[in-house]
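Taking it in order: structure first as structure tokens, then the write-up.
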């Protein structure tokens, strides 16, 4: 009786406090109020959709709420403290485009003519602004919701490749506090949409391989097309991962794998075609994969010093924009990935393309790949503000050690074939990460930009921690011990207070 009475009183008090807080927020900051209302609305829709799809785990929804609170807190700090240590970037340009879109929609104008938008991310934000207010805090809160959505997608991916009941939550929590994701995921950047698209694409890919249906394939095709539109080479990494792994690990017999695979390969080529990139993206592939463009990106676009004399003047006017065409403008102006201009000076490293010697090219490319995967190293930090990156890279080295340890132990105990068969559904994650990081390494020599664009690859690789059974058993013992300890304290507290009766 006492417990029920207290519960009713506490619920009533909590509801009254909530109403007072919301009224105060609405009075002092209408944009924040609109943003919080949007987050509540999106959260309710998220819970409804996943619950209806059969996900009843309380841990799943708890992880979503924890991530949402963490990222909303970071957004509020960034916004009201005006915390931007790396200078201005693309988020200001996207805000301007989104405001223009919102203004047109409010006037009943549904044309984008005259707005030179690079992609449809600002349009998405503009639509949200049209229904709320054209304030950046609303777009940033939407980014926080996307981050929470990404983390529960990680939860589902880990469940697909692991039998552990602990790893999905723990890995999701690691992703939730990933420093680069906390920072870039709290800004108005298209990466906030790219990341959940990558994760939803990989989750769909795994489900298609395990239990194929054309409905799942149609959704995957849509996700892939959106991803290619926002970031071409990341979309292609997902596309290649699907094509390669379908023939290797899908649960079809050989004949069906070949027949279905060939037909799907034919269909997937139309994904970039829809975006006017040509069948299988032949137009931007020609624009990017040539000696002049690669040299421009590696030796000119991110160069902290004057352009090297070895680079011909013609190279300066050959840089692919976001998609199919090349623009006869300076390469730096059209570098879509230069999101944080201030990071371009202090964070760049020059590694020549090495086209004059095949061995030199391979070596330079390998060094760039290592930098993209592991950098910046402590000795590459030039400014105090860049030390922020070490909060991520140093723990990342230990995590890679855990992943390698898990793979080696599995090979040693179960043998190569049994291990490969047991972890076969992790192959798409590994292939996607390697291809995406490989494309990034080919063009970009700037740690500030690498730290942002590699986030999907890092998140996907984090899912592979679940390989390590020793770490999993240790984690299980630790969490079971903590749960037992606090449950015992909780029961003791209520026993002493007499509330258990």
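In my numbering, the protein residues as written are 1169 to 1669.
The beta-carbon is built from N, C-alpha and C at its ideal position, and this holds for glycine as well.
From a predicted model like this one, the values you see are computed outputs, not experimental measurements.
- Put simply, the backbone Cα of residue 1292 is about 8 Å away from that of residue 1266.
- For residue 1340, the secondary structure class from DSSP, reduced to helix, strand or coil, is helix.
- For residue 1440, the enclosing alpha helix (DSSP H) starts and ends at 1438 to 1442.
- Residue environment for residue 1262: buried (at least 16 other C-beta atoms within 10 angstroms of its C-beta).
- In chain order, 1376 and 1432 place their CB closer than 7 Å to the CB of residue 1385, counting only its own chain and leaving out the 5 sequence neighbours on each side.
- Between residue 1269 and residue 1294, the C-beta gap is smaller than 7 Å, which places the two residues in contact.
- Taking one beta carbon from each stretch, the region 1386 to 1399 and the region 1343 to 1354 have fewer than 3 pairs nearer than 8 Å; the two do not touch.
- Taking the CA atoms as reference points, residue 1306 sits about 7 Å from residue 1199.
- Comparing alpha carbon positions, the residue from 1223, 1413, 1374 and 1214 closest to residue 1318 is 1214.
- In this structure, the beta-carbon distance from residue 1227 to residue 1316 does not fall below 7 Å.
- DSSP places residue 1631 in no alpha helix (DSSP H); its state is neither H nor E.
- The alpha carbon of residue 1257 has as its nearest neighbour, out of 1408, 1358, 1383 and 1298, the alpha carbon of 1358.
- Rounded to the nearest angstrom, the gap between the Cα atoms of residue 1212 and residue 1469 is 44 Å.
- Taking the C-beta atoms as reference points, residue 1405 is found nearer than 7 Å to residue 1603.
- The DSSP-derived three-state label of residue 1516 is strand.
- Under the DSSP assignment, residue 1267 falls in the alpha helix (DSSP H) whose first and last residues are 1258 to 1274.
- Each of 1575, 1417, 1224 and 1367 was checked against the Cα of residue 1601, and the nearest Cα belongs to 1367.
- Excluding sequence positions up to five before and after residue 1278, its CB lies within less than 8 Å of the CB of 1272, all in the same chain and listed in chain order.
- In the three-state scheme derived from DSSP, where H, G and I count as helix and E and B as strand, residue 1532 is classed as helix.
- Residues of the same chain with a CB within less than 7 Å of the CB of residue 1402, apart from the 5 flanking positions on each side, are 1362, 1366, 1395, 1604 and 1624 in chain order.
- Bridge partners of residue 1614 according to DSSP: 1516.
- Around the beta-carbon of residue 1435, fewer than 16 other beta-carbon atoms lie within 10 Å, marking it exposed.
- In this structure, DSSP gives residue 1200 a helical state, which the three-state scheme calls helix.
- Assignment of residue 1390 by DSSP, reduced to helix, strand and coil, places it in the helix class.
- CA-CA distance, residue 1584 to residue 1578, rounds to 8 Å.
- 7 Å or more divides the Cβ of residue 1287 from the Cβ of residue 1407.
- The distance from the Cβ of residue 1635 to that of residue 1571 is about 6 Å, consistent with a contact at the 8 Å cut-off.
- A straight line joining the alpha-carbon of residue 1201 with that of residue 1587 spans about 52 Å.
- Distance from the CA of residue 1239 to the CA of residue 1422, rounded to the nearest whole angstrom, comes to 45 Å.
- Annotated three-state conformation of residue 1287 is coil, per DSSP.
- The alpha helix (DSSP H) runs lying completely inside the region 1302 to 1362 and spanning 4 residues or more are 1304 to 1329, 1335 to 1344 and 1347 to 1352, given in chain order.
- For the pair residue 1382 and residue 1372, the Cα-to-Cα distance works out to about 12 Å.
- Under the DSSP assignment, residue 1557 falls outside any alpha helix (DSSP H); it carries neither an H nor an E label.
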